[in-house]
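A short write-up of the structure that comes next.
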Amino acid sequence: MSEPIVLGIESTCDETAAAIVQGCELRSNVVASSMEEHARYGGVIPEIASRAHAEAFVPCVSKALADADLTLTDVDAIAVSAGPGLAGCLAVGVSGAKALAWAAGKPIYGINHVIGHIAVTQLQFGPFPKDALALIVSGGHTSLLHVEDVARRIDVVGTTLDDAAGECFDKVARLLGFPYPGGPHIDRHAANGDPTAIRVPQGLTQGQAGAKHPYDFSFSGVKTAVARWIETEQAAGREIPVDDVCASLADSVATVLARKAMRGCEAYGADTLIVGGGFSANSQLRAKLLEYGAEHGIEVRIPRPKLCTDNGAMVAILGVNLVEAGVAPSAPDFPIDSAMP
Ligand code: KG4
Ligand code: ZN
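Residue numbering for the sequence shown follows full-length UniProt numbering, starting at 1 and increasing by one per position.
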C-alpha cells in the first residue's frame, strides 16, 4: 500500500475534531470547541460537551474530508479516540466513527488519546527514533512514558499521584479569579512576574514516601501551598502580587517536570524527549525543557501549540502508525473506556 490515508476523530472532552493524515503529512485539521459554553461553570460540563459533539460531528468530518479534497471512499482507515475521557463524549465520537466505518466498509481503530498526544509529534519532527521518552502533560494527565514502539509498546515510567499539572494551574487560576481554563492566563501573567518571589514546593522529589516510581509527580501540595499563601496575604489585607504568584508557580512546576524528564532520559538511555498534551503549550515549561535538553544533550520535540491541544491529527497519525505496523483493526463492537490506562 502507498502511504495510508487515515481519518482521525477526537471527542474525549470539549473538542470535536477531525483530520486527515496521509503518511506523515497533515492534509486537513478541523477543530470545533465547546469551551466557551463551559467557561461560566468553571469547568467542563459533560452533558453540555456531549450535546456539542452530537451537533459538531458531521460538520467537522465533512469539512476535514473537503479540506483534503477527499471523500470517505478515499480513506484507508478510520481512527477514533476510545478513551480516556468523558464517557458521554467518547460515546458520541465512537458511535459516529463506527457508523462511518460500517457504512463505507473501512477498518476502524479505537485508539488511546494519550498516546495520540505522543504520536502527533511525527507531523512536525518526522518518525520516532528508537527508545524515546515522552512527557505527557494536560489537564487530566501528567506522565512520563518509555516509547519503545509507538504502535505496540509503551511503558509508564512515572505518573502523577494526585493532580495533573494543568489541573493544578487551573485550580490556582480560579483562586486568582481567572476564567476556565486558567492555565493560559497563568502563563501570560508569569511572563511579567518574579519566579523567586514566593517559595513554592517542587512536587515530589525522588524517593519521597508515596512515590511508586522515582519519576512520579505530585501537584496537589503545590496547589495547596499557593492557596495557603494567598489566604494568608488576603487575611493580612495585603494585595496579591498576581504576576509573582503565577511566575513562582510556573517556575516550580516547569522545573520539576523538566528535571524528572531529563533524569528519566538519562536512566533509559534515551536521547530524545517527546512532549505532548495541552499543558505543553506552556511557555515556562517549553523554555525549561529546551534549556535542560541543551545542557543534557537531549533533543526535545515539542510540537507547535496547535498540535499540543486536543485535535484530530493526533488520532489520525496514530491510526497511520497502526496501519503501517500491521496491527489488526478493532472489532466492530469495541468499547469506549473512559479510564483507559
Ligand atoms: O490536553 P488538553 O487540551 O486537554 C486535556 O486532555 O486535559 O489540556 C488542557 C490543559 C488545561 O488544564 C489548560 O489550562 C492547560 O492544558 N493549558 C495550559 C496552557 N495551555 C493549555 N497551561 C499552562 N499554560 C498554557 N499556555
Ligand atoms: Zn488531551
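C-beta: ideal position from N, C-alpha, C; glycine also.
Note that the structure is predicted; figures quoted are calculated from it, not measured.
For the beta strand (DSSP E) holding residue i, just list the boundary residues, first then last.
i	result
His146	142-149
Thr71	First-last for Thr71: undefined, no H or E at that position.
Gly83	77-83
Ser33	25-33
Thr16	15-22
Arg286	Arg286 -> not in any beta strand (DSSP E); alpha helix (DSSP H) instead, spanning 283-296.
Val327	Counting along the chain, Val327 falls outside any beta strand (DSSP E), and DSSP gives it neither H nor E.
Ala134	132-137
Arg301	299-301
How would you write the range of the alpha helix (DSSP H) that residue i sits in, first residue to last?
i	result
Leu318	313-324
Gly276	Gly276 -> not in any alpha helix (DSSP H); beta strand (DSSP E) instead, spanning 272-276.
Arg153	Where Arg153 is concerned, there is no enclosing alpha helix (DSSP H), although the beta strand (DSSP E) it sits in stretches over 153-159.
Val6	Note, Val6: premise wrong, no alpha helix (DSSP H); beta strand (DSSP E) at 5-10.
Val61	46-67
Ile118	113-119
Val94	87-104
Val226	220-235
Val242	242-268
Ala165	165-175
Arg188	183-190
Glu125	The sequence shown places Phe at residue 125, rather than the Glu named in the question. Unbroken alpha helix (DSSP H) run through Phe125: 122-125.
Pro214	Counting along the chain, Pro214 falls outside any alpha helix (DSSP H), and DSSP gives it neither H nor E.
At the level of alpha carbons, what is the spacing between residue i and residue j?
i	j	result
Val31	Ile9	10 Å
Ile274	Asn282	15 Å
Thr12	Ala56	13 Å
Leu7	Gly105	14 Å
Gln234	Phe128	49 Å
Ser50	Gly88	6 Å
Cys308	Pro181	15 Å
Val61	Phe125	26 Å
Ala52	Ala18	14 Å
Ile45	Arg228	28 Å
Thr73	Ala99	14 Å
Ser81	Val92	11 Å
Ala339	Arg304	27 Å
Would you mind stating whether residue i and residue j have Cβ atoms separated by less than 7 Å?
i	j	result
Val226	Val172	yes
Ala197	Ser248	yes
Asp333	Gly83	no
Ala64	Ile20	yes
His117	Gly158	no
Val323	Pro4	yes
Tyr41	Gly319	no
Lys288	Ala254	yes
Phe219	Asp163	yes
Asn112	Asn311	no
Phe279	Ala165	yes
Ala190	Cys246	yes
Tyr215	Gly264	yes
Ala270	Asp131	yes
Gly203	Phe217	yes
Asp251	Asn192	no
Pro201	Gly221	yes
Below 8 Å on the Cβ atoms is my contact criterion, and I expect residue i with residue j to pass it. Report the Cβ-Cβ distance as a whole number of Å.
i	j	result
Gly277	Val150	15 Å between Cβ atoms; not a contact.
Ile78	Ala54	So it is not a contact: roughly 18 Å between Cβ atoms.
Leu144	Ala261	6 Å
Gly33	Asp14	Note on residue identity: the sequence assigns Ser, not Gly, to residue 33. That pair is a contact at about 6 Å.
Leu26	Leu123	5 Å
Met314	Val120	4 Å
Leu133	Tyr292	So it is not a contact: roughly 13 Å between Cβ atoms.
Can you tell me whether residue i is buried or exposed? The criterion is at least 16 other CB atoms within 10 Å of its CB, across all chains shown.
i	result
Pro341	exposed
Asp194	exposed
Thr272	buried
Glu167	buried
Arg301	buried
Ala39	exposed
Thr142	buried
Gly85	buried
Arg286	buried
Thr232	exposed
Thr71	exposed
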